[in-house]
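Trainee: Quick one: the structure is below, questions incoming.
4 protein chains.
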Amino acid sequence: MPGNQFGQLLSLTSFGESHGEAIGGILEGMPAGISIDLAFIQNELDRRKPGQSAIVSQRKEPDSINILSGIFEGKTTGTPIGFIIANEDQRSKDYSHNEDVFRPSHADYTYQAKYGMRDHRGGGRSSARETAVRVAAGAFAKILLSHYNISIHAWVNSVGAISIEKKHTELDLSQIEKNSVRCADPVIAEKMIAYIDSIRKQGDSVGGTVRCVIKNCPAGLGEPVFDRLHADLGKAMLSINAVKGFEYGSGFAGTLLKGSEHNDAFVNENEKIRTATNFSGGIQGGISNGEEIYFTVAFKPVATIMMEQDTVNASGEPAVIKGKGRHDPCVLPRAVPIVEAMSALVLADHLLRHRSSQI
Amino acid sequence: MPGNQFGQLLSLTSFGESHGEAIGGILEGMPAGISIDLAFIQNELDRRKPGQSAIVSQRKEPDSINILSGIFEGKTTGTPIGFIIANEDQRSKDYSHNEDVFRPSHADYTYQAKYGMRDHRGGGRSSARETAVRVAAGAFAKILLSHYNISIHAWVNSVGAISIEKKHTELDLSQIEKNSVRCADPVIAEKMIAYIDSIRKQGDSVGGTVRCVIKNCPAGLGEPVFDRLHADLGKAMLSINAVKGFEYGSGFAGTLLKGSEHNDAFVNENEKIRTATNFSGGIQGGISNGEEIYFTVAFKPVATIMMEQDTVNASGEPAVIKGKGRHDPCVLPRAVPIVEAMSALVLADHLLRHRSSQI
Amino acid sequence: MPGNQFGQLLSLTSFGESHGEAIGGILEGMPAGISIDLAFIQNELDRRKPGQSAIVSQRKEPDSINILSGIFEGKTTGTPIGFIIANEDQRSKDYSHNEDVFRPSHADYTYQAKYGMRDHRGGGRSSARETAVRVAAGAFAKILLSHYNISIHAWVNSVGAISIEKKHTELDLSQIEKNSVRCADPVIAEKMIAYIDSIRKQGDSVGGTVRCVIKNCPAGLGEPVFDRLHADLGKAMLSINAVKGFEYGSGFAGTLLKGSEHNDAFVNENEKIRTATNFSGGIQGGISNGEEIYFTVAFKPVATIMMEQDTVNASGEPAVIKGKGRHDPCVLPRAVPIVEAMSALVLADHLLRHRSSQI
Amino acid sequence: MPGNQFGQLLSLTSFGESHGEAIGGILEGMPAGISIDLAFIQNELDRRKPGQSAIVSQRKEPDSINILSGIFEGKTTGTPIGFIIANEDQRSKDYSHNEDVFRPSHADYTYQAKYGMRDHRGGGRSSARETAVRVAAGAFAKILLSHYNISIHAWVNSVGAISIEKKHTELDLSQIEKNSVRCADPVIAEKMIAYIDSIRKQGDSVGGTVRCVIKNCPAGLGEPVFDRLHADLGKAMLSINAVKGFEYGSGFAGTLLKGSEHNDAFVNENEKIRTATNFSGGIQGGISNGEEIYFTVAFKPVATIMMEQDTVNASGEPAVIKGKGRHDPCVLPRAVPIVEAMSALVLADHLLRHRSSQI
């Protein structure tokens with residue numbers, strides 16, 4: 017497959033460039049008969065869209081979803097859900113200065129190398145605008161998961177060196193949507209917002225991490241060997257623009273522990289087999305064990321900055337480039353719904369896969 | 017697909033339990049006419065097999081590969097390569113004490129939850145013995161890649177808190193196979209070996225990291241959006257037993273940098289477009305840019321330890337378990353060829369995918 | 017996968033119901049840099065659309081394609097081509113009488129059984145309207161194939177008992193588009209048209225066969241074992257609405273021959289290895305041999321007729337149904353471009369697959 | 017995928033050449049906990065093996081299956097079932113005369129064209145020996161289907177011009193395994209056997225048809241649009257060696273009927289919705305409707321004959337070839353279990369796919 021499809025039984029195929037007429041997708045595999053709350057779908061898109069606060073890109077895109085099929089009288093029909101999201105505020109001419117120059121740490125050079133040509137308007141297919149399609153599809157997946165009481169919660173855990181210090185189990189997740197940076201700790205949120213604002217004024221950009229928790233996932237999801245639940249989650253996260261790393265459960269810090277410290281003892285809690293600790297991150301042998309699934313995703317600083325940078329043009333001649341247009345100084349606040357959406361697609365897919373294996 | 021298959025155009029399907037008659041696989045998609053050096057294939061397996069040094073499991077498995085198809089007169093025929101590796105030193109009775117008890121941080125409980133039953137002999141399908149199949153298939157992939165001069169080099173970068181401090185570009189990679197821990201820094205290697213030995217004597221286990229570099233990968237490999245080269249590498253790594261995290265290029269540390277520090281300026285070096293730095297890790301927009309690809313993989317401490325641990329049995333009653341049998345106190349030295357093999361499968365698959373897209 | 021996707025490397029994902037807002041698709045895998053003649057794409061759709069002649073449905077659908085991505089400055093970019101085709105002349109109320117009644121030999125009952133609900137407006141997803149998406153995608157595939165000089169020619173070979181008697185090698189294929197029934201023999205075409213007209217006046221319907229020839233296919237396309245070229249062609253044809261059978265080369269008639277009569281002797285013709293006869297239909301062992309590929313597809317009579325028929329409603333009570341709305345008395349003339357489109361998708365996919373296997 | 021894999025959720029990957037060490041496969045997706053009767057598996061293989069009667073090839077292959085994984089204490093574990101079947105009576109030297117010559121209507125020339133080389137011993141991968149793997153996998157699928165009371169019955173319907181005249185609903189299917197040609201009509205069976213014997217003595221070969229009926233398939237199996245149940249059955253059949261055509265339900269003969277004759281009226285039979293006739297062949301809109309599924313498969317005469325035939329060698333020079341070795345004068349009797357096996361794989365796969373779509 018040429019790489020624009022995600023999922024086996026709940027499967028999203030995506031299309032669209034940042035500066036074409038529209039982006040969109042086809043979501044296959046939603047079971048029939050599920051009520052779809054369109055306002056919820058749109059709200060998820062609104063959480064990702066530009067212009068929602070002072071610390072993100074000011075591009076004006078309503079990101080209104082137009083669902084073309086697969087819903088009849090408010091319910092899924094079991095047939096594919098086709099949808100489009102128009103590109104309205106394109107301003108391609110903001111990018112005319114890029115036509116012949118490779119932007120550092122963007123995909124300009126690699127697309128040129130791969131395809132022998134590229135749509136230079138805002139990155140074309142490589143633009144993060146494509147993630148709106150994921151958020152729309154993920155919203156459907158969240159609705160499916162809600163039938164099983166599974167919920168997904170992501171938040172910004174760090175921006176540069178400013179990081180939440182509390183364990184995720186100590187956080188009040190209802191705080192996340194109450195601040196513009198989507199940090200689960202309101203005090204840290206203020207620091208992050210101030211820092212992003214200062215970075216924006218410098219014309220620079222900054223990276224950070226998103227943490228995600230999945231609650232009420234039943235034991236048994238995930239496949240042995242290659243399609244381990246965390247491997248599919250990892251691929252999902254690493255497929256998001258600007259992501260540089262993924263860790264789940266104890267993660268990289270777990271490499272510093274001994275087995276006697278790291279193993280999660282099984283205990284019987286009210287006639288339910290649980291683990292006393294959760295270094296496993298809710299997944300053992302690639303299969304969910306019923307505990308909370310949690311993981312962290314690293315995002316690099318945004319490549320587009322409002323400062324002069326050295327580069328070359330397509331002929332290899334030295335050039336200087338400086339960002340124009342409307343860009344995010346930090347992608348983290350808008351990455352939160354994307355992380356959730358990709359998580360939802362993975363979980364819902366594995367839910368359907370698991371069901372098919374039960375005689 | 018039920019999860020035992022990896023790759024699109026170069027595709028490995030795997031089978032086998034640790035204590036069944038044999039494990040094996042089918043590798044589809046090797047182009048026809050490639051000379052296969054069987055000694056090289058076997059040598060790769062020997063790098064992974066138990067009993068190769070004092071710091072790994074002493075299970076005696078020759079891991080001899082028996083290739084059943086797809087090779088004719090020393091060359092690939094273009095048809096699938098079926099192969100098996102016998103399980104010879106099984107000692108299933110080492111595991112009879114596990115029949116009714118869930119080993120902490122193993123897959124016993126999750127397999128039971130998923131399948132309603134499990135093969136309790138040494139983990140069955142969840143055992144890392146399965147990775148021998150990956151190493152065999154990866155050896156074929158390495159041969160294919162060698163036709164394009166692409167080479168893959170992994171080493172143990174840290175064991176617990178003992179870590180190489182040098183940048184990978186400063187290391188002498190020819191040192192890796194000269195010490196039993198497969199560390200690229202001989203001085204650090206000695207410390208790691210001594211530490212693993214002390215951990216082994218305690219009956220405990222320890223984790224660490226493997227780093228991997230891919231050299232001479234041409235620009236253009238990787239697909240847009242979901243099948244980004246690093247996303248497929250990440251999934252490949254996260255599908256290996258005991259892996260908890262993956263980062264490429266600047267990774268998690270890159271989240272602390274500003275865009276102005278992190279961006280890789282393009283330069284013209286002897287009429288070749290290159291980057292002045294390589295925070296991108298050789299991949300931009302999910303597509304290789306011709307620079308070195310590098311990434312790091314986190315392995316947790318081995319779950320089986322020779323110490324008493326609290327757990328429960330299948331009825332939820334408290335139990336105490338203590339490892340028996342022959343186990344690795346640290347998987348890192350044997351993980352090196354596995355990381356290389358999975359990298360080779362990803363690269364070779366994307367090489368074939370890229371070729372199919374060129375008119 | 018949930019069944020709305022076709023092809024491996026050139027892959028079409030389809031969505032849409034007959035009476036929703038639009039139908040459409042995503043075509044992945046078109047190599048970059050191919051000039052796209054939009055007038056050709058639209059012309060292919062015009063060959064399938066209703067209302068094009070007196071012998072087909074009079075539904076008024078312009079079937080104008082709107083391409084939303086994947087084309088930049090007139091050329092493919094290598095990224096997915098998203099497109100939609102609006103449903104304009106829907107008249108859903110023509111179907112309100114069907115809401116609770118199962119139309120005989122339609123998919124009403126089976127969709128209800130599968131999904132527990134259905135979109136009763138004109139068949140919803142089961143409507144042949146969906147084939148417009150295939151024709152659009154097939155037009156792109158034809159453009160790709162034209163770069164390799166491969167051409168595809170289908171025609172109506174029989175309508176009921178009225179059949180072309182000549183061998184396909186004796187026909188003048190330039191006649192096909194010169195008559196409204198798309199028969200390659202103008203004399204037989206007149207008889208077919210008169211017969212379809214009489215059937216239409218009776219309120220009845222009629223079946224027939226389409227034959228297809230693929231010229232200039234190079235030797236080597238097709239995969240061993242399961243994905244034989246003719247197996248993929250057969251699946252492609254059998255996936256078209258109303259198709260009941262597929263045969264290639266000598267087909268069912270070939271079962272009456274002895275091996276000594278049926279074998280195609282190899283000959284050297286101007287330094288090219290060819291076959292003296294072509295009972296093989298251009299495919300041997302599932303792989304093209306360079307001769308003409310030809311096959312025949314059987315279409316049943318249209319299920320919707322303007323006559324009273326016995327049936328039951330969803331409660332199992334007896335009911336009588338009579339077709340309303342605008343229907344084809346014979347699908348064959350409009351099936352011709354669909355057969356070509358699906359053939360083009362199969363050939364182009366196998367062309368890309370073959371390319372990926374050549375080191 | 018490179019073409020050696022069949023099925024989505026119940027998935028067979030196959031390997032092996034006719035004259036290599038062994039053939040085999042990996043069957044993924046069998047749900048856990050199903051008791052496996054190994055004698056039944058072997059018996060299915062015995063129905064396909066050579067040497068079972070005077071009218072088939074006298075090659076002596078016990079075709080003993082060796083199951084290497086996926087079964088524990090007599091039950092499936094949910095993990096992949098790896099199995100091999102040794103090639104014991106290979107006599108490669110019977111084929112040494114073929115090394116440089118293309119056998120007419122075999123795959124010699126096309127494999128050479130595709131791969132630039134070939135394993136000339138008995139066809140290598142293109143040999144029908146590969147179908148033993150399908151029969152083994154199909155036997156597992158039959159066991160799965162038996163849990164749902166679904167049964168599959170194939171028989172030889174015609175050999176050359178000798179054909180059963182009765183409708184399949186009038187046949188006593190218990191007769192099939194009582195004669196060596198596997199014809200459901202004992203009187204016709206005698207004629208077929210005598211005819212095959214005379215053809216064998218002439219050194220010639222003959223084709224024919226196999227018919228198959230699937231009983232007790234519940235309504236609802238099959239996917240819309242591309243993966244219609246009959247499309248997947250058709251591909252499955254067309255992937256079998258020597259198959260030239262497939263038709264289901266009314267098939268090609270149905271093209272001669274009018275809609276008013278062909279439509280299957282729905283009736284209420286004992287509170288069950290059924291059809292009064294079954295021209296639909298148990299499938300409507302690509303989805304099973306609960307009636308008997310039936311179809312017919314056309315097999316060409318065997319290409320290998322014991323008569324001199326004109327051909328060319330790899331240099332294009334004229335040559336004469338004459339079959340040696342042990343060949344079937346008619347593949348039909350041995351094709352019966354292959355048709356059943358492929359049918360079972362399709363049905364079981366769609367059964368699992370259907371289950372995954374039910375919330």
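Protein chains in written order, with my numbering: chain A, 17 to 375; chain B, 17 to 375; chain C, 17 to 375; chain D, 17 to 375. A virtual CB, placed ideally from N, CA and C, is assigned to each residue, including glycine. Note that this is a predicted model, so its numbers are computed, not measured.
Do the region 89-104 of chain B and the region 273-284 of chain A touch if we need at least three Cβ pairs shorter than 8 Å?
Mentor: no
Trainee: Is the region 219-235 of chain C close to the region 310-325 of chain C, with three or more CB pairs under 8 Å?
Mentor: With a cut-off of 8 Å on Cβ pairs, the region 219-235 of chain C is in contact with the region 310-325 of chain C, counting three or more such pairs.
Trainee: D/GLU308: which of D/SER121, D/SER266, D/ILE337 sits nearest, CA to CA?
Mentor: Within the fourth sequence, residue 308 of chain D is the residue found at index 292, counting from 1. When only C-alpha atoms are compared, the closest one is D/SER266.
Trainee: Using a Cβ-Cβ cutoff of 7 Å, what residues of the region 125-138 of chain A are near chain B? List them in chain order.
Mentor: Result list: TYR125, THR126, TYR127, ALA129, LYS130.
Trainee: Helix, strand or coil for D/ASN59? Go by DSSP, reduced to three states.
Mentor: Indexing the fourth sequence from 1 puts residue 59 of chain D at position 43. DSSP places D/ASN59 in helix when its eight states are reduced to three.
Trainee: Hey, quick one: how far does the alpha helix (DSSP H) through B/ARG216 stretch, first residue to last?
Mentor: To locate residue 216 of chain B, count along the second sequence from 1; it is residue 200. Here the alpha helix (DSSP H) through B/ARG216 covers 202-218.
Trainee: First and last residue of the beta strand (DSSP E) that includes C/HIS169?
Mentor: The count along the third sequence starts at 1 and reaches residue 169 of chain C at position 153. Here the beta strand (DSSP E) through C/HIS169 covers 167-175.
Trainee: Count the other CB atoms within 10 Å of the CB of B/THR185; is the residue buried (16 or more) or exposed (fewer)?
Mentor: As a first step, residue 185 of chain B is located in the second sequence; it is residue number 169 there, counting from the start. With fewer than 16 Cβ atoms within 10 Å of its Cβ, B/THR185 is classed as exposed.
Trainee: Nearest chain C C-beta to A/SER85 closer than 7 Å, yes or no?
Mentor: Start at 1 with the first residue of the first sequence, and residue 85 of chain A comes out as number 69. True, the Cβ-Cβ gap to chain C drops below 7 Å.
Trainee: Please check if any C-beta of chain D sits within less than 7 Å of the C-beta of B/ALA102.
Mentor: For the purposes of this step, residue 102 of chain B is taken as residue 86 along the second sequence, with counting starting at 1. Answer no: the Cβ-Cβ gap between B/ALA102 and chain D never drops below 7 Å.
Trainee: List the residues of chain D that A/ARG244 touches, going by C-beta distances under 8 Å, in chain order.
Mentor: Here the question's residue 244 of chain A lines up with position 228 in the first sequence. Ordered by position in chain D, no residue passes the 8 Å Cβ test against A/ARG244, which lies about 14 Å from the chain.
Trainee: Distance check for C/SER34 and C/ARG64, CA to CA, integer angstroms please.
Mentor: The count along the third sequence starts at 1 and reaches residue 64 of chain C at position 48. The count along the third sequence starts at 1 and reaches residue 34 of chain C at position 18. Approximately 15 Å between the Cα atoms of the pair.
Trainee: Starting from C/GLN325 and walking both ways along the beta strand (DSSP E), at which residues does that stretch end?
Mentor: Taking the first residue of the third sequence as 1, we reach residue 325 of chain C at position 309. Taken as a continuous stretch (DSSP letters only), the beta strand (DSSP E) holding C/GLN325 covers 324-328.
Trainee: With a threshold of 8 Å on Cβ separation, who are the neighbours of A/VAL355 within its own chain once the five nearest residues in sequence on each side are excluded?
Mentor: Here residue 355 of chain A is taken as the residue at index 339 of the first sequence, counted from 1. ALA170, VAL226, CYS228, MET253, ILE256, VAL313.
Trainee: With a cut-off of 8 Å on the beta carbons, I'd call C/PRO462 and D/ARG216 a contact; round off their distance for me.
Mentor: In this structure chain C extends from 17 to 375, so residue 462 of chain C is not present and cannot be described.
Trainee: Which bits of chain D does C/GLY223 rub up against, with CB to CB less than 9 Å?
Mentor: Taking the third sequence and counting its residues from 1, one reaches residue 223 of chain C at position 207. Those within 9 Å of C/GLY223 in chain D are SER266, GLY270, THR271, LEU272, LEU273, LYS274, GLY275, HIS278.
Trainee: Please list the partners that A/GLU77 has in chain C, where partner means a Cβ-to-Cβ separation under 7 Å.
Mentor: On the first sequence, position 61 is the one that residue 77 of chain A refers to. Those do not exist, as A/GLU77 stays about 15 Å from chain C at its closest Cβ, beyond 7 Å.
Trainee: Answer yes or no: do D/PHE88 and B/ASP135 have a C-beta to C-beta separation smaller than 7 Å?
Mentor: Position 72 of the fourth sequence holds residue 88 of chain D. Position 119 of the second sequence holds residue 135 of chain B. Their beta carbons are under 7 Å apart, which means D/PHE88 touches B/ASP135 by this criterion.
Trainee: Helix, strand or coil for C/GLY94, going by three-state DSSP, please let me know.
Mentor: Counting from 1 along the third sequence, the entry for residue 94 of chain C is found at position 78. Correct three-state label for C/GLY94: coil.
Trainee: Which partner residues does C/CYS199 have in the DSSP bridge list?
Mentor: Taking the first residue of the third sequence as 1, we reach residue 199 of chain C at position 183. Note: C/CYS199 sits in a beta bridge opposite C/VAL172.
Trainee: Under a three-way DSSP split, which group does C/SER34 fall into?
Mentor: By one-based count along the third sequence, residue 34 of chain C stands at place 18. In this structure, C/SER34 counts as coil in the three-state DSSP scheme.
Trainee: Report, in whole angstroms, the separation of the C-beta atoms of B/GLY154 and B/ALA351, which I expect to be a contact under 8 Å.
Mentor: Walking along the second sequence from the start, residue 154 of chain B turns up at place 138. Walking along the second sequence from the start, residue 351 of chain B turns up at place 335. In this structure, B/GLY154 and B/ALA351 do not form a Cβ contact; the two beta carbons are roughly 13 Å apart against a cut-off of 8 Å.
Trainee: Along the chain, where does the alpha helix (DSSP H) that runs through C/ARG371 open and close?
Mentor: As a first step, residue 371 of chain C must be located in the third sequence, where it is residue number 355. Per DSSP, C/ARG371 belongs to the alpha helix (DSSP H) from 348-372.
Trainee: So which of B/LEU43, B/ARG75, B/ALA177 has the shortest CA-CA distance to B/ASN20?
Mentor: The residue given as residue 20 of chain B occupies position 4 in the second sequence. Among B/LEU43, B/ARG75, B/ALA177, the Cα nearest to that of B/ASN20 belongs to B/LEU43.
Trainee: Assign C/ALA157 to one of two classes, buried (16 or more other C-beta atoms within 10 Å of its C-beta) or exposed (fewer than that).
Mentor: The count along the third sequence starts at 1 and reaches residue 157 of chain C at position 141. So C/ALA157 counts as buried.
Trainee: Is it right to say B/HIS163 is buried, meaning 16 or more other beta carbons lie within 10 angstroms of its own, or is it exposed?
Mentor: Residue numbering aside, residue 163 of chain B sits at position 147 when the second sequence is read from its first letter. B/HIS163 should be labelled exposed.
Trainee: Below 8 Å between beta carbons is the criterion; list the residues of the region 314-336 of chain A that meet it against any residue of chain B, in chain order.
Mentor: ALA314, PHE315, LYS316, PRO317, VAL318, ALA319, THR320, ILE321, MET323, GLN325, ASP326, THR327, VAL328, GLY332, GLU333, PRO334
Trainee: Roughly how many whole angstroms lie between the Cα atoms of C/SER179 and C/ASN173?
Mentor: The residue you call residue 179 of chain C lines up with position 163 of the third sequence. The residue you call residue 173 of chain C lines up with position 157 of the third sequence. Computed Cα separation, rounded: 6 Å.
Trainee: Give a yes or no on whether the minimum CB-CB distance between A/PRO47 and chain D is below 7 Å.
Mentor: Position 31 of the first sequence, counted from the first residue, corresponds to residue 47 of chain A. Closer than 7 Å to some Cβ of chain D, the Cβ of A/PRO47 qualifies, so yes.
Trainee: Are the C-beta of C/ARG371 and some C-beta of chain A separated by less than 7 Å?
Mentor: By 1-based counting over the third sequence, the position of residue 371 of chain C is 355. Among the CB atoms of chain A, none fall inside 7 Å of the CB of C/ARG371.
Trainee: Let me know if D/PRO202 comes out buried or exposed under the rule of 16 or more other beta-carbons within 10 Å of its beta-carbon.
Mentor: What you label residue 202 of chain D is simply residue 186 of the fourth sequence in a count that begins at 1. Its Cβ having fewer than 16 others within 10 Å, D/PRO202 is exposed.
Trainee: Using a Cβ-Cβ distance under 7 Å, would C/ILE81 count as near chain B?
Mentor: Numbered from its first residue, the third sequence carries residue 81 of chain C at position 65. Cβ-Cβ to chain B under 7 Å: no for C/ILE81.
Trainee: Which residues does DSSP list as the beta-bridge partners of A/LYS231?
Mentor: As a position in the first sequence, residue 231 of chain A is number 215, starting the count at 1. Answer by DSSP bridge pairing, in chain order: A/SER167.
Trainee: Using the C-alpha atoms, what's the distance from C/SER221 back to C/VAL175?
Mentor: In the third sequence, the residue the question calls residue 175 of chain C occupies position 159. In the third sequence, the residue the question calls residue 221 of chain C occupies position 205. C/SER221 has its alpha-carbon roughly 10 Å from the corresponding atom of C/VAL175.
Trainee: Determine the DSSP secondary structure at C/ARG145, reduced to helix, strand or coil.
Mentor: Residue mapping note: residue 145 of chain C aligns to position 129 of the third sequence, counting from 1. In the three-state reduction of the DSSP assignment, C/ARG145 falls in the helix class, which pools H, G and I.
Trainee: Just list the residues that DSSP pairs C/SER179 with in beta bridges.
Mentor: For this step, residue 179 of chain C is matched to residue 163 along the third sequence. Answer is C/SER174.
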